[in-house]
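Enquirer:
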């Protein structure tokens with residue numbers, strides 16, 4: 127933790143880092159001009175979604191040190207609010223999203239007032255319990271949420287400004303740009319938090335609550351501020367996901383597994399760092415998709431490790447795709463045991479070692 | 044009145060199995076101060092082991108408890124030795140994440156081996172019931188309650204009367220002092236995790252005739268185990284036993300008097316209330 131503190135204490139960004147970041151943004155902006163494959167765009171949307179979720183959790187979990195394992199609650203509130211308003215009331219998602227934000231702020235403050243009285247493992251347990259209550263409520267409040275059947279949106283109304291149609295949401299390209307925009311927004315918010323007084327307060331609370339309190343930092347106030355920022359961004363991710371997929375049900379937008387995956391993006395990438403969740407998403411999304419689409423099984427076949435017609439081969443082809451969350455489990459165990467600063471910290475240290483040897 | 048007694052009865056019966064799950068978690072927490080988020084997944088492995096023994100060798104689920112206990116003990120002991128042991132002094136958050144990761148590996152490996160289909164273990168007595176003064180008692184639940192009671196009694200005897208049991212209790216009370224008294228705390232930790240896993244696995248075996256068996260069944264039981272141990276007081280075995288029965292009765296009462304869809308919500312709300320107003324739990328002062 128101390129390493130990240132000294133890294134974040136450095137104000138401003140290095141010219142090299144800033145240049146790389148700008149180059150990456152330019153490439154991402156031009157990406158749909160050159161790549162037309164819907165599958166590639168879909169992968170990028172999943173990547174952006176992971177970045178948004180990871181960065182938003184990171185503000186509360188990474189900077190303020192409050193390990194919420196109930197972030198699916200905020201994701202679900204955003205997703206459900208937008209979908210309910212769109213399908214039942216005909217309100218287009220770009221208005222519904224903001225209603226979702228308002229609702230999520232209320233929900234976050236209620237959850238915060240309960241959970242922030244608790245510390246450490248008890249806080250983790252309470253956050254899980256609250257998210258589970260929300261999931262079960264979504265199952266039971268059938269008039270509002272349609273219960274286990276979920277809500278299906280047949281089409282998304284086109285986005286118009288002053289009569290001119292900006293986009294009709296018929297291809298994946300508008301979703302790509304919305305995802306990119308949201309991902310950049312969350313990174314920007316994290317950067318601002320990191321470089322403001324707020325960020326220092328958060329980190330003081332993370333390092334030692336009691337010491338921070340004795341220095342006059344109001345724990346309840348700043349923990350709740352971190353939670354609200356984090357919850358708003360997570361609810362945007364939820365709304366974005368709901369409109370993109372066009373379907374929500376309690377087990378896809380409110381499960382415990384989602385909360386766990388949100389946490390793991392930051393943990394695997396590098397907790398409490400600006401680009402940790404981006405690295406986490408870069409590692410997790412392709413690996414998880416490689417398992418899901420049987421790419422790994424195909425690789426085993428082509429390497430000659432397993433014969434395609436053997437019992438093991440058939441077995442892997444049929445089952446490995448379902449177990450794509452396995453990679454989250456294996457990675458988090460490796461990261462926790464061997465690289466406590468995440469992949470980003472590990473790689474940075476490796477690079478430093480090599481450059482030092484050269485010098 | 045008969046409905047009340049009926050739901051009380053089934054609540055107590057299922058509460059016995061819950062107690063077993065809670066005791067396992069509380070022993071692990073007591074000795075290592077590690078909150079085991081893979082507890083429900085260990086229970087799930089116990090369920091699949093029982094299912095496997097039943098469908099391949101035709102072994103009765105209640106007889107397979109005798110196989111489940113040593114196998115799950117070894118599984119837990121090895122998990123402790125190779126993974127948990129490295130993290131004993133680490134931040135509680137990282138310990139939690141490690142056990143979450145282990146749980147994901149367990150549930151997804153089982154999914155790989157058995158697919159994600161729901162399995163049902165049907166025995167000749169699965170839906171059988173005994174009439175007891177007008178109250179019908181589910182036969183598999185009744186048998187599992189008696190096995191639970193026997194195991195709990197044996198566990199009390201082991202912890203209270205044997206040297207090893209005393210060593211485990213001493214480690215739970217004060218790890219450093221126990222070490223100074225010549226107790227090998229590494230061994231007691233391995234033992235404790237083994238016992239905790241064996242209890243969870245046994246609970247899995249006992250409920251397998253009455254529950255759907257699927258790879259993700261664990262997380263619901265992990266949460267339930269937390270509710271039980273926090274309610275009873277983390278680290279207290281008597282508390283976990285009481286907590287298990289209370290949660291069992293609460294669930295079956297709210298299923299009857301509110302609705303079965305809301306019964307778990309009632310349990311979680313109760314959990315939050317305990318966390319907020321009596322975080323030490325019912326038996327919070329006594330440590331094991």
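Protein chains in written order, with this note's numbering: chain A, 127 to 485; chain B, 44 to 331. Backbone N, C-alpha and C define an ideal beta-carbon position, used for all residues, glycine too.
To test your reading of the DSSP string, which unbroken alpha helix (DSSP H) runs of 4 or more residues are found completely within the stretch 247–307 of chain B?
Expert: 260–275, 280–300
Enquirer: Roughly how many whole angstroms lie between the Cα atoms of residue 482 of chain A and residue 462 of chain A?
Expert: Those two C-alpha atoms are separated by around 26 Å.
Enquirer: With C-beta atoms as the reference, is residue 178 of chain A less than 9 Å away from residue 312 of chain A?
Expert: For residue 178 of chain A and residue 312 of chain A, yes; Cβs fall inside 9 Å.
Enquirer: For the beta strand (DSSP E) that contains residue 172 of chain B, what are its first and last residues?
Expert: 172–175
Enquirer: Chain B beta carbons: is any one of them nearer than 9 Å to that of residue 440 of chain A?
Expert: Not closer than 9 Å to any Cβ of chain B, the Cβ of residue 440 of chain A fails to qualify, so no.
Enquirer: Taking Cβ to Cβ, would you say residue 236 of chain B is nearer than 9 Å to residue 74 of chain B?
Expert: The criterion of a C-beta distance shorter than 9 Å is satisfied by residue 236 of chain B and residue 74 of chain B.
Enquirer: Output needed for residue 207 of chain A: all residues of its chain with C-beta closer than 7 Å, excluding positions within five of it in sequence on either side, in chain order.
Expert: Exclusion of the five residues before and after residue 207 of chain A leaves 222, 225, 226, 229 as the residues of its chain whose Cβ lies within less than 7 Å of its Cβ.
Enquirer: Which class does residue 179 of chain B belong to by DSSP, given the choice of helix, strand or coil?
Expert: strand
Enquirer: Provide the residue(s) that pair with residue 277 of chain A in DSSP beta bridges, ordered along the chain.
Expert: A:374, per the DSSP bridge assignment.
Enquirer: Please state if the CB of residue 310 of chain B and the CB of residue 293 of chain B are separated by a distance shorter than 9 Å.
Expert: Yes, these two residues count as a Cβ contact at 9 Å.
Enquirer: How long is the line joining the alpha carbons of residue 376 of chain A and residue 308 of chain B, rounded to whole angstroms?
Expert: For residue 376 of chain A and residue 308 of chain B, the distance between alpha carbons rounds to 14 Å.
Enquirer: Check the DSSP bridge columns for residue 162 of chain B and list the partner residues they point to.
Expert: B:256
Enquirer: So, does the CB of residue 252 of chain A fall closer than 9 Å to a CB anywhere in chain B?
Expert: So yes, residue 252 of chain A belongs to the interface.
Enquirer: Please confirm if residue 487 of chain A has its CB atom under 9 Å from at least one CB of chain B.
Expert: Outside the modelled stretch of chain A, which goes from 127 to 485, sits residue 487 of chain A, for which no answer is possible.
Enquirer: Give the single residue among B:93, B:95, B:137, B:49 whose Cα lies nearest to the Cα of residue 465 of chain A.
Expert: B:137
Enquirer: When you compare the CB of residue 361 of chain B with every CB in chain A, is at least one pair closer than 9 Å?
Expert: No answer is possible for residue 361 of chain B: the residues shown for chain B start at 44 and end at 331.
Enquirer: For the stretch 157–172 of chain B, list every residue whose C-beta sits within 7 Å of some C-beta in chain A, in sequence order.
Expert: 158, 159
Enquirer: Could you pull the DSSP bridge partners for residue 293 of chain A from this structure?
Expert: A:285
Enquirer: Taking three-plus beta-carbon pairs below 8 Å as touching, is the stretch 119–136 of chain B in contact with the stretch 284–301 of chain B?
Expert: no
Enquirer: Consider the Cβ of residue 482 of chain A: report whether some Cβ of chain B lies at a distance smaller than 9 Å.
Expert: So no, residue 482 of chain A is outside the interface.
Enquirer: Taking the alpha carbon of residue 187 of chain A as the point to measure from, which residue in A:433, A:416, A:328 has its own alpha carbon closest?
Expert: A:328
Enquirer: What ranges does the alpha helix (DSSP H) occupy inside the stretch 64–119 of chain B, keeping only unbroken runs of at least 4 residues that lie completely in it?
Expert: If we require 4 residues or more, the alpha helix (DSSP H) runs fully inside the stretch 64–119 of chain B come out as 82–95.
Enquirer: Determine the DSSP secondary structure at residue 336 of chain A, reduced to helix, strand or coil.
Expert: helix
Enquirer: Excluding the five sequence neighbours on either side, which residues of its own chain have a C-beta within less than 7 Å of the C-beta of residue 188 of chain B, listed in chain order?
Expert: Contacts found: 56, 59.
Enquirer: On the three-state DSSP scale, how would you describe residue 313 of chain B?
Expert: helix
Enquirer: Identify which residue in A:447, A:430, A:440 has its Cα closest to the Cα of residue 421 of chain A.
Expert: A:447
Enquirer: Since residue 89 of chain B contacts residue 245 of chain B with CB under 8 Å, what's their CB separation in whole angstroms?
Expert: 6 Å
Enquirer: Considering Cα atoms alone, identify which of B:225, B:214, B:242 is closest to residue 231 of chain B.
Expert: B:214
Enquirer: What three-state label does DSSP hand residue 237 of chain A in the structure shown?
Expert: helix
Enquirer: Would you mind telling me which residues of chain A sit closer than 7 Å to residue 262 of chain B, beta carbon to beta carbon, in chain order?
Expert: 382
Enquirer: Between residue 191 of chain A and residue 331 of chain A, how many whole angstroms is the CB-CB distance? I'm expecting something under 8 Å.
Expert: Going by Cβ atoms, the distance from residue 191 of chain A to residue 331 of chain A rounds to 6 Å, so yes, they are a contact pair.
Enquirer: Could you spell out where the alpha helix (DSSP H) holding residue 248 of chain A opens and where it closes?
Expert: 246–266
Enquirer: Tell whether a beta-carbon distance below 9 Å holds between residue 459 of chain A and residue 361 of chain A.
Expert: no
Enquirer: For the 8 Å Cβ check, are there 3 or more pairs between the stretch 75–94 of chain B and the stretch 129–148 of chain B?
Expert: yes
Enquirer: Which residue comes first and which comes last in the alpha helix (DSSP H) that contains residue 466 of chain A?
Expert: No alpha helix (DSSP H) contains residue 466 of chain A, which DSSP labels as neither H nor E.
Enquirer: Does the distance from the C-beta atom of residue 261 of chain B to that of residue 130 of chain B stay below 9 Å?
Expert: no
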